[in-house]
Amino acid sequence: MGGAAFVSGRVFGLSPFWTGVALGAPSVGYILGNYLSGRFSMRHGTLRMAAAGALVAMLGLGAGLAVTLAAGSDPRIFFGACILLGLGNGMTLPNALAGAVSVQPDLAGTASGLSGAIMTAGGAALSVLGGVVLGPGTGAWPLQALMTAAAGLSLLALLLVRAPR
5 MGGAAFVSGR VFGLSPFWTG VALGAPSVGY ILGNYLSGRF SMRHGTLRMA
55 AAGALVAMLG LGAGLAVTLA AGSDPRIFFG ACILLGLGNG MTLPNALAGA
105 VSVQPDLAGT ASGLSGAIMT AGGAALSVLG GVVLGPGTGA WPLQALMTAA
155 AGLSLLALLL VRAPR
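Numbering (the working numbering), first residue to last: 5 to 169.
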């Protein structure tokens with residue numbers, strides 16, 4: 005989402021008010037994703053819920069990218085897909101963190117700190133990459149492609165993880 009402010013202002017020409025509304029839209033999805041996590045994680049398991057969330061994020065962002073490539077950029081498509089990104093993240097993040105700290109309970113603090121550091125470093129790296137792919141005249145699609153690829157890689161990582169026994 006680091007490049008979304010650039011896309012909002014430079015690509016779509018949204019006013020500061022509508023940029024704020026658009027950048028807040030993924031929070032709506034995140035709240036719903038957190039609710040679904042709280043409601044269904046005990047029944048379906050943290051790994052399955054985290055993978056389902058990553059799948060929702062990837063498919064939502066991929067659909068937004070496909071529409072953009074087929075019909076052109078539109079802020080409703082871009083930020084609508086970001087709502088689905090928020091929904092997927094709301095399902096993925098709490099479950100992934102719960103899984104990380106549950107492997108060895110005596111190392112839960114270390115696992116939590118390492119998970120946070122990895123998320124922060126990954127976000128920083130993706131922000132830099134977003135700045136590289138975006139520029140005058142690029143449109144929104146490079147950022148959409150980057151976000152879709154990142155969601156796909158998170159899904160792949162979750163599928164490679166085996167639940168501790």
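Cβ atoms here follow ideal geometry from the backbone N, Cα and C, with glycine treated the same way.
Beta carbon of residue i nearer than 8 Å to that of residue j
i           : j           : result
residue 86  : residue 29  : yes
residue 64  : residue 88  : yes
residue 33  : residue 118 : no
residue 150 : residue 165 : no
residue 152 : residue 84  : no
residue 93  : residue 121 : no
residue 7   : residue 135 : yes
residue 148 : residue 69  : yes
Sequence-distant residues of the same chain with beta carbon closer than 6 Å to residue i, five excluded per side
i           : result
residue 16  : 79
residue 105 : 112, 115 and 116
residue 71  : 81
residue 167 : With a pLDDT of 49 at residue 167, under the threshold of 50, the modelled position of this residue cannot be trusted, and the question is left open.
Helix, strand or coil at residue i according to DSSP, with G and I counted as helix
i           : result
residue 4   : Residue numbering for the chain in the displayed model covers 5 to 169; residue 4 lies beyond these limits and cannot be assessed.
residue 76  : coil
residue 84  : helix
residue 7   : coil
residue 107 : coil
residue 140 : coil
residue 17  : coil
8 Å Cβ cutoff, residue i in contact with chain D
i          : result
residue 71 : As a matter of chain content, chain D is missing from the structure shown, which is built from one protein chain.
Boundaries of the alpha helix (DSSP H) in which residue i is found, first to last residue
i           : result
residue 148 : 145-164
residue 113 : 112-137
residue 24  : 20-48
Cβ neighbours of residue i in the same chain (closer than 8 Å, five flanking residues each side left out)
i           : result
residue 99  : 41, 45, 50, 51, 53, 54 and 57
residue 157 : none
Residues of its chain near residue i, where Cβ-Cβ distance is below 7 Å and the 5 sequence neighbours each way are ignored
i           : result
residue 133 : 150
residue 31  : 90
residue 36  : 91 and 94
residue 131 : 6
residue 159 : 55, 58, 59 and 62
Cβ-heavy atom distance, residue i to the ligand COA, below 7 Å
i           : result
residue 120 : As presented, the structure is devoid of all ligands, the ligand COA included, so that no description of it is given.
Stretch-stretch touch, CB-based, cutoff 8 Å, three pairs: the stretch 126-144 with the stretch 39-55: no
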